[in-house]
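Report on the structure given below.
Numbering (this note's numbering), first residue to last: 1427 to 1488.
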């Protein structure tokens, strides 16, 4: 799930000709088309935390 925050509480944008809108400056989606559009908007920041990559085991001490 991708979560975004906007400078403007009700920012609107279009995806494939369909209007979408932020509510109270927040927007959540799982749609790849919407994520692609939101990632390039200048007034929008992605705020979800990406999944952490698994850590490698600590190297054995000699």
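Backbone N, C-alpha and C fix where the C-beta goes; we use that ideal spot for every residue, glycine too.
Under the three-state DSSP convention, the category residue i falls into
i: residue 1460; result: helix
For residue i, the residue or residues it bridges with in DSSP
i: residue 1450; result: Paired residues: none, contrary to the question.
i: residue 1470; result: 1432
Whether residue i touches residue j by CB criterion (7 Å)
i: residue 1448; j: residue 1456; result: no
Spatial distance of residue i from residue j (CA atoms)
i: residue 1429; j: residue 1474; result: 5 Å
i: residue 1470; j: residue 1444; result: 18 Å
i: residue 1438; j: residue 1451; result: 10 Å
i: residue 1462; j: residue 1440; result: 11 Å
Where residue i falls, given that 16 or more other Cβ within 10 Å makes a residue buried
i: residue 1467; result: exposed
i: residue 1453; result: buried
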